[in-house]
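Take 0 as the starting number for the sequence shown in numbering that gives the first Met the number 0 and just add one per residue.
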Amino acid sequence: MAESNFDLRLIPEYDGSDKQSVIEWLEKLELVCKIRGVADVASVIPLRLTGGAFAVYLQLPEKDRKSTEKVKEALVSAFAIDPFMAYEQFAARKLQKGESPDVFLAELRRLASLFGGMSDKGLACAFVAGLPENVRQLLRAGSRLESLDLSQILTRARAVIKDDCSGGPL
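The structure is reproduced here in structure tokens:
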């Protein structure tokens, strides 16, 4: 697909507020540009920035505004949470009411990546620890969790939570 068919509204606006992660926004931007065949990502970025994020962009030297990497670095530096805050959020993160286990695990992965990453075994421990007590008990009762990999634990958590939501055998 050519750039001339590109609808900018496919990319959400980003204002630098806490409503959306700058990392997530940049990933969406790059994905849409890649799918739509847009080679000059740096020229698209300012068109979807507003508020504080646009102000950060405007403070860049003209040469840096033409570099996707320089613009990304400036936005991440200004708006991404620091590793210490990411770890705090990671350690405190629990499965939210109505949240799927997949989204919960994805959020744990995202937070872990912001403080340097974590092994799948560590993520599995954090994932299980963040589940409601009744779900943890059923997971532990049904199998030896330490012998399962992360995807197997996720699959079992999905099944337990689905049973719980449908009024199953909890």
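Glycine included, C-beta positions come from ideal geometry on N, C-alpha and C.
As the structure is a computational prediction, the values presented were derived from the model and not from experiment.
Option nearest residue i by Cα separation, candidates the options
| i | options | result |
| --- | --- | --- |
| D17 | Q151, D162, A52 | A52 |
| D14 | R155, A140, V55 | V55 |
| F89 | E68, D39, L113 | L113 |
| R92 | L7, R108, G116 | R108 |
| R35 | L59, D6, L48, V21 | D6 |
| E132 | G115, Q95, A111 | Q95 |
| A41 | V70, L57, V21, W24 | V70 |
Buried versus exposed, by CB contacts within 10 Å (16 or more), residue i
| i | result |
| --- | --- |
| A123 | buried |
| I44 | buried |
| F83 | exposed |
| G129 | buried |
| R8 | exposed |
| I10 | buried |
| I160 | buried |
Reduced DSSP secondary structure (H/G/I, E/B, other) of residue i
| i | result |
| --- | --- |
| L48 | strand |
| V159 | helix |
Heavy atom of the ligand HEM within 7 Å of residue i beta-carbon
| i | result |
| --- | --- |
| G36 | Judged by which ligands are present, the structure shown has none, so any question about the ligand HEM falls away. |
Span of the alpha helix (DSSP H) around residue i
| i | result |
| --- | --- |
| K120 | 119–128 |
| V70 | 67–78 |
| L104 | 100–113 |
| P82 | 82–91 |
| K96 | Neither: K96 is in no alpha helix (DSSP H) and is coded neither H nor E. |
| S42 | 40–43 |
Requested in this report: Report yes or no: do the region 69–79 and the region 96–106 share at least 3 C-beta pairs separated by less than 8 Å?
Outcome: no
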